[in-house]
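K.L.:
This is the structure I have questions about; it appears just below.
2 protein chains.
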Amino acid sequence: MEILNEKAKINLPDMSTRNFFFKNKIILVYGSSLALLLFLLKWLELRFVIFDHALEVYIGAIALVFTGLGIWLALKLIKPTIKTIIVEKEIYVNNSIPFSLNEKEFDKMGLSKRELEVLNLMAEGYSNGEIATRLFVSLNTIKTHTSKLFEKMDVKRRTQAVEKAKRLGLIP
Amino acid sequence: MEILNEKAKINLPDMSTRNFFFKNKIILVYGSSLALLLFLLKWLELRFVIFDHALEVYIGAIALVFTGLGIWLALKLIKPTIKTIIVEKEIYVNNSIPFSLNEKEFDKMGLSKRELEVLNLMAEGYSNGEIATRLFVSLNTIKTHTSKLFEKMDVKRRTQAVEKAKRLGLIP
DNA sequence: ATGAAAATCACTCGAAAGTATGAGGGCAAA
DNA sequence: TTTGCCCTCATACTTTCGAGTGATTTTCAT
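For the protein sequence lines, the chains are A and B, in the order given. Per our numbering, the very first residue in the first sequence carries number 31; after that it's consecutive. Per our numbering, the very first residue in the second sequence carries number 31; after that it's consecutive.
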């Protein structure tokens, strides 16, 4: 966002200044060129006494108008475009109140639903026995879950598992 | 920031060089154009004498030539710098809000410095043995600490202690 | 300097946690 | 249908944890 603003500050005036400068340049150059042309023609007229004044002015006007038309056309058609695409890639390592499971890390870990369930209860301080009661399964089942859990998470203790899980955003 | 610098590096010297180039170019082009025009006029003049109704053609030619000139000029002068900058900005949302111990809860709990130290290591997943090694004391000492810790915190397990401590802001 | 709290350490014992292994049923993909 | 993973449960064994008790030393404030 800030970059865009800064770009606007710097580039747009720069561009318009340049345009203005060139427009003036064109006018100046053209004006003087035409004046020169007229003088030239005048000089030639004196030399050859052929030309009609009105015709030269007419032709000059035509030339001027059509040159202007050409420039206008070109300006309309070829528009200088400076395009800046800023892709803001936000990486949230956030652990604020609204908890959302870190899918990426969860997939990487390869935990099953049940194992995550056990992990959550573990993090809340429940013992294996309490978890077993809560989930209506045997203590041995919970032991199996915890074992596989530790293996998958590459930890040795429940406290480590909880710490790692919290750090990776697997649990609140 | 880098983007702006890069722009400065590329565009500014480019711009001045171009300006200088065009200043000369304009003079050169105009000079030759006018010369050509004069020759054209001279040539057409001869034709004009012969073909009466060639005036329209003459004017048309003039218009065409100057329109082309205008377009050419505009194209040369206003060079479309189509620059596409794709910036990938990575924004890390800070979760490491500098931890500050909740003095109130800490006092209420009545934990000693050493106990808090043990609690912290416990929260990091260390076993009593590892904590003992880390603090250069015996395992029994750590056991004593943890026992008193649990008593003071009114919990039964280390996981509970960690959970409660985190919840109360005693540890990060 | 004196007493209270803290820190240190030890020993026992039971509870909880964790390891290893095997096994049966369910379910979905190959 | 086979294969692989998940969930379940069991048994046996080891390790760690936690409770309880008691003791010595250090630290610190009154």
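Heads up, the beta-carbon is just placed ideally off N, CA and C, and yes, glycines get one too. All values derive from a computational prediction rather than experimental measurement.
Looking at the secondary structure, which residues open and close the alpha helix (DSSP H) in which B/K173 lies?
P.N.:
B/K173 -> alpha helix (DSSP H) spans L169 to M183.
K.L.:
Do you know whose CA, among B/L67, B/N150, B/G159 and B/T176, lies nearest B/L169's CA?
P.N.:
Nearest option by C-alpha distance: B/G159.
K.L.:
Write down the C-beta distance between A/M139 and A/K182 rounded to the nearest angstrom, noting that I regard them as a contact closer than 8 Å.
P.N.:
Indeed, because the Cβ distance is near 6 Å, the residues count as touching under 8 Å.
K.L.:
Looking only at its own chain, which residues have a Cβ that is under 7 Å from the Cβ of A/L198, when we skip the five neighbours before and after it?
P.N.:
Cβ neighbours of A/L198 beyond the five flanking positions: N132 and E135.
K.L.:
Any beta carbon from chain A within less than 8 Å of B/M183's own beta carbon?
P.N.:
No, B/M183 lies away from the interface with chain A (no Cβ there is under 8 Å from its Cβ).
K.L.:
At least one CB of chain A closer than 8 Å to the CB of B/V174: is that the case?
P.N.:
Residue identity check: residue 174 of chain B is Thr in the sequence provided, not Val. No, B/T174 does not count as interfacial toward chain A.
K.L.:
What in chain B is Cβ-close to A/G100, meaning under 9 Å?
P.N.:
Ordered by position in chain B, the residues that pass the 9 Å Cβ test against A/G100 are F96, T97, G98, L99, G100, I101, W102, L103 and A104.
K.L.:
Below 8 Å on the Cβ atoms is my guess for A/A195 versus A/L149; work out the distance and round it to an integer in Å.
P.N.:
Right, their Cβ atoms sit about 6 Å apart.
K.L.:
I want to verify the contact list: residues of chain A whose CB lies under 8 Å from the CB of B/I201, in sequence order.
P.N.:
Per Cβ cutoff of 8 Å: no residues; B/I201 is ~11 Å from chain A at best.
K.L.:
Classify A/I201 as helix, strand or coil using the three-state DSSP reduction.
P.N.:
Residue state, collapsed to three classes: coil.
K.L.:
How many angstroms separate the CA atom of B/K53 from the CA atom of B/A104?
P.N.:
Summary for B/K53: the model assigns pLDDT 48, below 50, so the residue's position carries little reliability, and this model does not support an answer.
K.L.:
Buried or exposed for B/F129, please, with buried defined as at least 16 other CB atoms from any protein chain shown within 10 angstroms of its CB.
P.N.:
Counting Cβ neighbours within 10 Å, B/F129 comes out exposed, since fewer than 16 surround it.
K.L.:
Quick one: which residues of the stretch 143 to 175 of chain B get their C-beta closer than 9 Å to a C-beta of chain A? List them in chain order.
P.N.:
Hits within the stretch, in order: M152, A153, E154, G155, Y156 and S157.
K.L.:
Can you check whether the CB of B/I92 is closer than 8 Å to the CB of A/I115?
P.N.:
Not a contact, by the Cβ cut-off of 8 Å.
K.L.:
Is A/K186 helix, strand or coil when you go by DSSP?
P.N.:
Reduced to three states, the DSSP call for A/K186 is coil.
K.L.:
Listing by chain order, which chain A residues have their CB less than 7 Å from the CB of B/E193?
P.N.:
Those within 7 Å of B/E193 in chain A are A153, E154 and G155.
K.L.:
So, using beta-carbon positions, are A/L179 and A/E145 closer together than 8 Å?
P.N.:
Contact flag set, yes.
K.L.:
Considering only their Cβ atoms, is the gap separating B/G155 from A/T171 smaller than 8 Å?
P.N.:
Taking 8 Å as the Cβ cut-off, A/T171 and B/G155 do not qualify as a contacting pair.
K.L.:
Under 8 Å Cβ to Cβ from B/K186, same chain only, skipping five residues before and after it: list those, please.
P.N.:
F180.
K.L.:
How long is the line joining the alpha carbons of B/L66 and B/F96, rounded to whole angstroms?
P.N.:
Distance between the alpha carbons of B/L66 and B/F96: 12 Å.
K.L.:
DSSP beta-bridge partners for B/T114?
P.N.:
BP columns for B/T114 point to A/K113.
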